[in-house]
Amino acid sequence: MPALNSLQKYANRQSGGDHHTRYPRRARKFKAVGYERLPKILAVDVARFGDDRTVLGIRQGRRFSIYAKLRGVDTVETANRVIACIEAEKPDAIIVDGDGLGAGVVDQLQYRGYGRRAGLYEFHGGAKPHDPNKYFNRRAEVWGLAAEWLKAGAQIPDDPELEVDLTGPQYGYSNKSQIQLEKKEDMKSRGLTSPDLGDTLAMTFHISVNAKLREQKEWFEQYQNYRYKNDKSADAWMA
């Protein structure tokens with residue numbers, strides 16, 4: 700891989716200036732507003748190796764939060780935790796890393812009724828990017844989108860592990876001048892851990908959700924609650 704630079708330098712290069720080089724650190728202190736009614740996107744990065752973490756994270760507007768960090772759990776237990784998160788947070792979309800062990804989590808969720816109708820999407824980092832002129836693969840592309848999101852001002856947890864993850868991976872260019880992100884195996888050879896928290900944030904950019912979708916969803920839930928509460932007929936559900 701050719702000349703490598705950190706993600707924070709990439710975000711800075713895109714902005715054309717040298718005075719904002721610490722976007723992840725700034726994001727730890729940023730306070731997002733007006734995100735409450737925007738779509739929730741849940742991302743799940745599934746651990747592949749013994750020292751990796753499985754991470755559940757939620758992005759809503761300009762705010763990202765970590766729901767859970769898991770170690771040493773199998774695909775069934777991971778699916779259980781994802782389902783608990785879905786029931787508690789009611790995300791509008793669920794994105795699961797479908798490569799490696801993540802495929803087992805996807806299978807579990809689909810089998811238990813949390814498939815596409817529940818908003819489930821598989822993420823494959825090696826897939827073709829939406830902008831092949833700029834990015835080498837989909838993983839590089841969602842990291843690029845995350846960098847732009849941070850640059851524009853966003854809130855992330857005040858978590859030094861997340862900051863390390865966001866600034867750890869390096870990038871270079873393919874022979875077609877496409878942005879290419881450093882492989883996790885190469886990071887480990889440099890003495891760094893897998894950027895599981897950073898991957899989780901980046902994966903939330905895999906799809907775009909219409910802001911009106913959440914409003915419609917909330918209205919339908921309120922209508923159903925009102926209907927069941929006020930319907931006293933003999934045919935009513937649990938009358």
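Numbering (this note's numbering), first residue to last: 700 to 938.
Don't be surprised by glycine CBs; every beta carbon is placed ideally from N, CA and C.
- Taking 7 Å as the cut-off, the Cβ atoms of F763 and L844 do not count as close.
- Listed in chain order, the non-local C-beta contacts of E840 below 7 Å within the same chain comprise P828, H829, D830, Y834, local neighbours out to five positions each way being set aside.
- Here E821 has V795, G797, V805 as same chain residues with Cβ atoms under 7 Å from its own Cβ, once five neighbours each way along the sequence are excluded.
- With 16 or more other Cβ atoms inside 10 Å of its own Cβ, P894 counts as buried.
- Taking all protein chains in view, the Cβ of G897 is crowded by 16 or more other Cβ atoms within 10 Å, so the residue is classified as buried.
- For G867, there is no enclosing alpha helix (DSSP H), as DSSP marks it with neither H nor E.
- Contiguous beta strand (DSSP E) elements confined to the region 803 to 834 occur at 819 to 822, taking only those with 3 or more residues.
- With a beta-carbon spacing of about 4 Å, Q854 and A731 fall inside the 8 Å limit used to define contacts.
- For A767, there is no enclosing alpha helix (DSSP H); the enclosing beta strand (DSSP E) covers residues 762 to 769.
- G803 and V775 have their alpha carbons spaced roughly 8 Å apart.
- Assignment of beta-bridge partners to K739 by DSSP yields Q759.
- In the DSSP assignment, L880 is bridged to Y870.
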